[in-house]
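To start, the structure itself, in structure tokens.
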Amino acid sequence: MKPLSRTAPNWSLSIIPLSEYEPQHSVTSLPLNLIFDTKENAMFHLPTLPQHKKWAALALLSLAQPVLAHPGHPEHTDTLSMLADGLLHPLTGPDHLLAMLAVGVWSALVYPSIKRATALPLAFSTILLLGALLGMAGLSIPLVEPLIMASLLVLGLMLAGMAKLPLPLGAALVAVFAFFHGAAHGMELPEGGAAFLFVLGFMVSTLLIHCIGMVAGAILTQRHAWPARLAGAGIASYGAILMLAGH
1 MKPLSRTAPN WSLSIIPLSE YEPQHSVTSL PLNLIFDTKE NAMFHLPTLP QHKKWAALAL
61 LSLAQPVLAH PGHPEHTDTL SMLADGLLHP LTGPDHLLAM LAVGVWSALV YPSIKRATAL
121 PLAFSTILLL GALLGMAGLS IPLVEPLIMA SLLVLGLMLA GMAKLPLPLG AALVAVFAFF
181 HGAAHGMELP EGGAAFLFVL GFMVSTLLIH CIGMVAGAIL TQRHAWPARL AGAGIASYGA
241 ILMLAGH
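Numbering (the UniProt record's numbering), first residue to last: 1 to 247.
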């Protein structure tokens, strides 16, 4: 068995004035055997390494540096967060949520056939998208908030009274209000590619809310529609309170 060498390592201390050390340099740009400042005015070196070990250490440091510099992937987080924001936007605003539910329940109760019942939600969703795109484009749209509040009052009354308007008139009514709901969405859209995901998110939520309202309306019948009538009265009252309060 070969005896262990008792030769002391070559520590070859090198003194480097701190004034010559530039902290903005990255780890990989410094000499490999340079470590910390342990004296007041000097830095010291590790024992001299064989050349192949220096290159191996350099490779490891080069691989580690990008990992430390990029702890995550913010572009992925931003993409998911914009989609989530779009999905949650109609749900976190009671004005949007109540108006969409009112349209879904009202259409299912007063227009029994599927084809006619879906006309109002589709009109609302289509014009909502148009309003959002125009709001995103920076078009100045007046009276957005007052007409959103008015939509709660009017749509709530339509539901509470079980008003069966001619289908084109009912679709036109919800479309007018949908435009201003969409404009409110569009004015809050972010710039750049993430805007598409925000739009996609709130359009999916809008359709889902309409579907929930239509299912609720289909479960009820005009003979047993008093829960829907009460809900409509509550929505109308909420809209009236907002208008009186000026919010």
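Cβ atoms here follow ideal geometry from the backbone N, Cα and C, with glycine treated the same way. Please read all numbers here as calculations on a predicted model, not as lab measurements.
CB of residue i within 8 Å of CB of residue j, strictly
i	j	result
G104	G135	no
P90	S107	no
L153	A240	yes
M243	A183	no
L157	A236	yes
L207	M82	no
A228	A171	no
H181	L143	no
Y111	L167	yes
D85	G201	yes
G213	M100	yes
Residue environment, residue i, which counts as buried when at least 16 other CB atoms sit within 10 Å
i	result
T221	exposed
G217	buried
L87	buried
S125	buried
V199	buried
L189	buried
L230	exposed
M203	buried
S113	exposed
A137	exposed
Rounded Cβ spacing between residue i and residue j (contact assumed at less than 8 Å)
i	j	result
I148	D95	5 Å
A102	G232	7 Å
residue 249	L80	Residue 249 is absent from the model: the chain starts at 1 and stops at 247.
F177	L159	At roughly 13 Å, the Cβ-Cβ gap does not stay under 8 Å, so F177 and L159 are not in contact.
I209	L97	6 Å
Heavy atom of the ligand MN within 7 Å of residue i beta-carbon
i	result
A171	As presented, the structure is devoid of all ligands, the ligand MN included, so that no description of it is given.
- Message: Quick check on the DSSP output: what are the complete alpha helix (DSSP H) runs of length 4 or more inside the stretch 129-211, in order along the chain?
- Response: 144-160 and 167-187
- Mind listing, in chain order, the continuous alpha helix (DSSP H) runs of no fewer than 4 residues lying wholly within the stretch 100-126? 114-117
- Item | Uninterrupted alpha helix (DSSP H) stretches inside the stretch 214-240 (no shorter than 4 residues) | none
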